[in-house]
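Data first, discussion second: the structure below is written as structure tokens.
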Amino acid sequence: MENEIKNGARCKNPLRKRVWRDCLRDWKRYLMIFLMLVLTIAFVSGMYVANNSMEHSLAESVDTYAREDGHFELSSEADAELLSALEKGEQADVAVILRERAYKEAEGEVEKAVRDAIKENIEESVASAIEQQVKEKIYSASAETENAMTDEQKEEMFKKALSAAMDENYDKAVKEALEKAYDSDEYKDALEDGLEEAKKKIDEEIDEKIGEAKENYELDANAVPVPVNIYELFYKELDERINSDASYEGTVRVYIDRDKVDRYDILEGKAPQNADEIAIDRMHADNKKLKVGDSLIVGGKEFKICGLIALVDYTTLFESNTDTMFNALTFDVGVMTKEGYDDLNSSEHKNYAFRYTEKPSDEIEEKEKSDSFLKVLISQTAVSEEEQEIKEYVPAYLSEAINFATDDMGNDKAMGGVLLYILTAVLAFIFAVTISTTLEKEASVIGTLRASGYTKGELVRYYMSAPLIIGVFAAIVGNILGYTVFKDIIVGMYRASYSLPSYKTLWTSEAFIRTTIIPIAIMLIINLIVIVYSLRLTPLRFLRHDLKRSRRKKAIRLPRWKFFSRFRMRVFLQNIPNYIMLFVGITFVMVLLSMAVGMPTTLSSYKESVDEMMFADHQTILTSTKDSDGNVIETNSEGAERFSMVSLNYKRKGFTEEVMVYGSEEGSRYIKLDKGYFGSGSNAVYVSKAFADKYDIKKDDMIDLSEKYENKDYRWRVYDIFDYSAGIAVFMSNDMFRSEFGKKEGYFTGYFTDEEITDIDEKYIAKVITSDDVAKIANQLDNSLGAYMSYFQYLCVIISAAVLYLLTKIIIEKNERSISMVKILGYRDGEISSLYMITTALVTIITELISLYLGYIFMKSYWRSMLMELGGWFEFKMTASGFVKEFVMVFIAYLIITVFDFIRIKKIPKVLALKNTE
143 MENEIKNGAR CKNPLRKRVW RDCLRDWKRY LMIFLMLVLT IAFVSGMYVA NNSMEHSLAE
203 SVDTYAREDG HFELSSEADA ELLSALEKGE QADVAVILRE RAYKEAEGEV EKAVRDAIKE
263 NIEESVASAI EQQVKEKIYS ASAETENAMT DEQKEEMFKK ALSAAMDENY DKAVKEALEK
323 AYDSDEYKDA LEDGLEEAKK KIDEEIDEKI GEAKENYELD ANAVPVPVNI YELFYKELDE
383 RINSDASYEG TVRVYIDRDK VDRYDILEGK APQNADEIAI DRMHADNKKL KVGDSLIVGG
443 KEFKICGLIA LVDYTTLFES NTDTMFNALT FDVGVMTKEG YDDLNSSEHK NYAFRYTEKP
503 SDEIEEKEKS DSFLKVLISQ TAVSEEEQEI KEYVPAYLSE AINFATDDMG NDKAMGGVLL
563 YILTAVLAFI FAVTISTTLE KEASVIGTLR ASGYTKGELV RYYMSAPLII GVFAAIVGNI
623 LGYTVFKDII VGMYRASYSL PSYKTLWTSE AFIRTTIIPI AIMLIINLIV IVYSLRLTPL
683 RFLRHDLKRS RRKKAIRLPR WKFFSRFRMR VFLQNIPNYI MLFVGITFVM VLLSMAVGMP
743 TTLSSYKESV DEMMFADHQT ILTSTKDSDG NVIETNSEGA ERFSMVSLNY KRKGFTEEVM
803 VYGSEEGSRY IKLDKGYFGS GSNAVYVSKA FADKYDIKKD DMIDLSEKYE NKDYRWRVYD
863 IFDYSAGIAV FMSNDMFRSE FGKKEGYFTG YFTDEEITDI DEKYIAKVIT SDDVAKIANQ
923 LDNSLGAYMS YFQYLCVIIS AAVLYLLTKI IIEKNERSIS MVKILGYRDG EISSLYMITT
983 ALVTIITELI SLYLGYIFMK SYWRSMLMEL GGWFEFKMTA SGFVKEFVMV FIAYLIITVF
1043 DFIRIKKIPK VLALKNTE
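Positions in the sequence shown are counted from 1; adding 142 to them yields our numbering.
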């Protein structure tokens, strides 16, 4: 240093040595901030690393396992001609094909009709001529004879002669007459006129029908072809039972072992090789505690689990693409050999997967190709020789089973990033308040340094050192933990919900930027603003401890309260900025607690009340209302009632919700609509309470629904709200249902019953909806998140304790000299603690009460937005005990912190009041 002075150079800044001493001196506060930053960064970093790694693995699986670009299900197996036409990807010219087909049918029918008419006329003419000849011969012979015959004798002779003449001459005469007639110009003219008339009627009918179809489906035979490769992916759905759990009743969807499309990753075991082996979904196996080698009852037959797999088209176990939530508890997917598959007794779903021959470059092009192929599918099935119905069409980009996991990971990353930045900002403000308090305590030192020639920049860098050091070290340690410990924790959480293939850990710049660069930047920017703003004062004012910018001539006049009350109010007024930070911190914690406490309560409440919500214990939907012999399928189940049902879409604000539309008869014991509604003739419907609550629909509002696979819309007025909270549904009379959807008299979809139907063959049953199906969203959410919510509650208590510790420590440190002075005046530690701690306790209680309400409002809004994306609806609920639990958990954290505050107050020396008194 002496050499530097001799040479005229400025010596090194001695403040550098104080940085580490300051950190050690206040190590408890810095350790608390460090630990909170480390845990948060570690969790979010682990989330980013796990998500990015698994998303990369899922993206690679598209080609690795030949994932489908979509699939469709037909009512019956497609013939080779239809499959060939679909693979070419060309829309059929429906009008031309149907017209030619109708013309061919009409030619035969017209020719037959003309020939039948001519034959009938000739037969009548020949018979009449023979009869006339016989009659003339009989009666003329009778007149020539001497003995006149009676009328009875004449009649008897006529009948015998007519019979003999007919037997001898009729067939020959008819044949000769027909040959002559068929060769005549009159016949040809009649045939031509008949064909013209028939074609005219055909043209009118087809033009009307095809014109409507072209408008609804936007068909264009000249559209650009969308060539695809189509693969059979037939499956059967059967009951699943487990020997070790007699109460379990599930459903398993079984495919023949795949080798061309939608292959799978074998996570444990091997692929099925024998007829008695089955490989099942890994996640479902984990949920039911099944392992390789265990037995599984499928459709009443026992199979051995040979492998646990992750199917590329079932990363999430959605039983139907329209389901509100996946179901890994009672729904399973498996593959087996063809021999084992053929031995299963169940109806087969004619499902086909397709892959584009030319891959779309992005999702926009994929959507265009998907829409185009749907038109191909509609047009080609319409002209198919065998009548076909499209039961389902799901392009890959809309498949929940394929995309839900990836979308959820993306949402989790976004939410984790937001929580990280919020908590970092809260800690940064706490850091800033701490530094601001330090600046007040060291005002004379700062004034002396400034007067000695130290620049603002040097002081800024000195006071910025602690936040920088803490932030950098926390980011380093947090990222190390994120890439090791927390990454595995996050993967475990996702594997508990999704059927994910194996993956490799990838380092990504996104994780580094979001969990290291941005948090450090937030920490530094907030502290820099506060420090620079605080150092704007002149050195003289720092020396005088004159740090207030507002010039208040006198203190706020308080009411004539008792001394302790007035003193506590002064403490509050002097620490308003700190209490504002306390409010922000507690509110942040309460929002998290509202989720952690409210979600289990909501799910439990929904599961308990779902049985009461159902208007029928069983809704049995049939594949066909007639059996193979053409007889209407009936049931003898007590109380069975037919119903009609169709699925439509409700589109709003970029989201499409599936709505079930029911047709009901007057006097139904299940769907009880007002008697005044029937026969009113109005174009009005009932909407379920869940539908009305979710979309804020009221009586007399207008709702617009649309068909799934055609451009057809329906607009109805809301007659009233039907008390049904188990689903998004619309109810109308059966007459209106048949009229709106063009169904014939007697049409129905299935049966409502209070008991399971046992007298209908399984192959005619498409699905049975029970309370378990309705409650599966709650069951799955509870299974996936329930245990984590308990841990999350404890984490919230720890965060609240840390925030309270840091802020109450600042408040006490800011008032150390006042506390020391009060001690000199003779007040005991308990009395002094009551002066400061009761004030903070009251602020904490009031803040908690306000935050309880704010957290509840936030969670209701968040819950609504979440279910808007998931589909379905049930309200977010928080019981009185839930509010009490939230309040008590945070207040217990505060009570623990008060112990440390009391110890801190007790350690403040009396001599402190005599130091630095200007």
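Positions of the beta carbon are idealized from the N, C-alpha and C atoms, including for glycine.
Taking the alpha carbon of residue i as the reference point, which residue from the options has its own alpha carbon closest?
| i | options | result |
| --- | --- | --- |
| residue 500 | 367, 597 and 984 | 367 |
| residue 756 | 865, 1004, 905 and 395 | 865 |
| residue 419 | 482, 536, 382 and 576 | 482 |
| residue 803 | 777, 174, 872 and 409 | 872 |
| residue 863 | 841, 857 and 954 | 841 |
| residue 706 | 979, 195 and 308 | 979 |
| residue 601 | 612, 550, 581 and 312 | 581 |
| residue 1016 | 438, 833, 879 and 561 | 833 |
| residue 617 | 261, 721 and 655 | 655 |
| residue 763 | 895, 884, 850 and 671 | 895 |
| residue 1047 | 971, 1006 and 627 | 971 |
| residue 684 | 584, 197, 302 and 824 | 584 |
| residue 374 | 384, 391 and 402 | 402 |
| residue 1039 | 1006, 954, 339 and 969 | 954 |
| residue 318 | 365, 277, 279 and 261 | 261 |
| residue 171 | 273, 311, 331 and 1042 | 1042 |
Contact defined as beta carbons within less than 8 Å: I believe residue i pairs with residue j. What is the distance between those atoms, to the nearest angstrom?
| i | j | result |
| --- | --- | --- |
| residue 413 | residue 399 | 6 Å |
| residue 394 | residue 440 | 6 Å |
| residue 942 | residue 633 | Actually they do not touch by this definition, with Cβ atoms about 28 Å apart. |
| residue 938 | residue 735 | 5 Å |
| residue 518 | residue 336 | That belief does not hold up - the Cβ atoms of residue 518 and residue 336 are roughly 36 Å apart, past 8 Å. |
| residue 333 | residue 256 | 5 Å |
| residue 624 | residue 184 | 5 Å |
Does the Cβ-Cβ distance between residue i and residue j come in under 7 Å?
| i | j | result |
| --- | --- | --- |
| residue 829 | residue 839 | yes |
| residue 451 | residue 406 | yes |
| residue 719 | residue 203 | no |
| residue 459 | residue 378 | no |
| residue 417 | residue 448 | no |
| residue 956 | residue 579 | yes |
| residue 161 | residue 607 | yes |
| residue 1030 | residue 653 | no |
| residue 946 | residue 1036 | yes |
| residue 902 | residue 777 | yes |
| residue 463 | residue 542 | yes |
| residue 786 | residue 800 | no |
| residue 879 | residue 805 | yes |
| residue 738 | residue 664 | no |
| residue 497 | residue 211 | yes |
| residue 461 | residue 217 | no |
| residue 975 | residue 657 | no |
| residue 641 | residue 456 | yes |
| residue 510 | residue 539 | no |
In the DSSP assignment, the beta strand (DSSP E) including residue i goes from what residue to what residue?
| i | result |
| --- | --- |
| residue 377 | 377–384 |
| residue 909 | 907–911 |
| residue 523 | No beta strand (DSSP E) contains residue 523, which is instead part of the alpha helix (DSSP H) from 505–524. |
| residue 474 | 473–478 |
| residue 844 | 844–848 |
| residue 374 | 370–374 |
| residue 492 | 490–498 |
| residue 859 | 855–864 |
Provide the residue span of the alpha helix (DSSP H) that contains residue i, from first to last.
| i | result |
| --- | --- |
| residue 607 | 598–623 |
| residue 962 | 958–966 |
| residue 321 | 313–324 |
| residue 592 | 585–593 |
| residue 1040 | 1022–1048 |
Step through the CB atoms of chain B and report whether any lies within less than 7 Å of the CB of residue i.
| i | result |
| --- | --- |
| residue 849 | Annotation note: the requested chain B is absent from the structure, which comprises a single protein chain. |
(Q) Which runs of the alpha helix (DSSP H) at least 4 residues long sit entirely within the region 184–258? Give them in chain order. (A) 222–230
Q | alpha helix (DSSP H) runs wholly inside the region 733–808, at least 4 long, in chain order | A | none
Q: May I have a chain-ordered list of the beta strand (DSSP E) segments no shorter than 3 residues that lie completely inside the region 416–447?
A: 419–423 and 437–440
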